[in-house]
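Inspection log for the structure reproduced underneath, given as structure tokens.
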Amino acid sequence: MSDPMENTPPPMDSAPPPMTSGIPEDERMWAMFAHLSALLGGLLTSAFGGWGTFIGPLVIWLVKKDTMPFVDSQGKEALNFNITIAIIMVALTVFSIVTLGIGLLIAVPVMIIVGIGALVLIIIASMKAKDGIGYRYPMTLRLVK
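For the sequence shown, position 2 (counting from the first letter as 1) is numbered 40 according to my numbering, and the numbering increases by one without interruption.
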């Protein structure tokens, strides 16, 4: 008699093949750093309203834009988004000053909401960049082309 195991096909590997985007790992890492560097810039300038979120993405974009196309595109995205965030924070600060502090009742909650939203979007963009997937931030002024 024949062995029933003889006719059984070999087990298939259930894991999908690893996803590769074709973008070199160092380029993906620098793109991820362009997004995450905004958090450092915001932290360093937090005593002044956190307007410095665009400094890190600006530096990385200026240094790497000519040699790494993915960093060029993602650096511009991070830079545009964080310039938009800086404009919002400065506008809310000016609003608070002009209203002699009464505007703080509106500005502080809005700043907190904008800050939490920015944090979430920066983390999402960083994870996408690490995987080699371009990310476009929503509701962003496209000032740097």
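For each residue, glycine too, the CB sits at the ideal point set by N, CA and C.
Contact set for residue i: own chain, Cβ-Cβ below 6 angstroms, skip 5 residues either direction
i, result
"Arg-180", "Asn-118"
"Ile-160", "His-73, Ala-76"
"Gly-79", "Gly-90, Thr-91, Ile-93, Gly-94"
"Asn-120", "Ala-76, Thr-91, Phe-92, Pro-95"
"Ala-163", "His-73, Tyr-173"
Cβ neighbours of residue i in the same chain (closer than 7 angstroms, five flanking residues each side left out)
i, result
"Ser-111", "Gly-172"
"Arg-174", "Glu-115"
"Ala-156", "Ile-123"
"Met-106", "Glu-65, Trp-68"
Same chain only: Cβ atoms within 8 angstroms of residue i, ignoring 5 sequence neighbours per side
i, result
"Val-109", "Glu-65, Trp-68, Ala-69, Ala-72, Ile-98, Trp-99, Lys-102, Lys-103"
"Ala-145", "Leu-130, Thr-131, Phe-133, Ser-134"
CB of residue i within 8 angstroms of CB of residue j, strictly
i, j, result
"Thr-83", "Gly-94", "no"
"Gly-141", "Phe-133", "yes"
Candidates the options, of which the one nearest residue i by Cα
i, options, result
"Ala-167", "Leu-96, Leu-78, Gly-113", "Gly-113"
"Glu-63", "Lys-183, Gly-170, Pro-176", "Gly-170"
"Ile-150", "Ile-162, Val-182, Met-127", "Met-127"
"Gly-153", "Ile-125, Pro-107, Met-165", "Ile-125"
- Message: Which runs of the beta strand (DSSP E) at least 3 residues long sit entirely within the region 137-181? Give them in chain order.
- Response: Listed in chain order, there is nothing to give.
- Every unbroken beta strand (DSSP E) within the region 86-121, with a cutoff of 3 residues, ordered by chain: Restricted to the region 86-121, not a single beta strand (DSSP E) segment is unbroken, complete and at least 3 residues in length.
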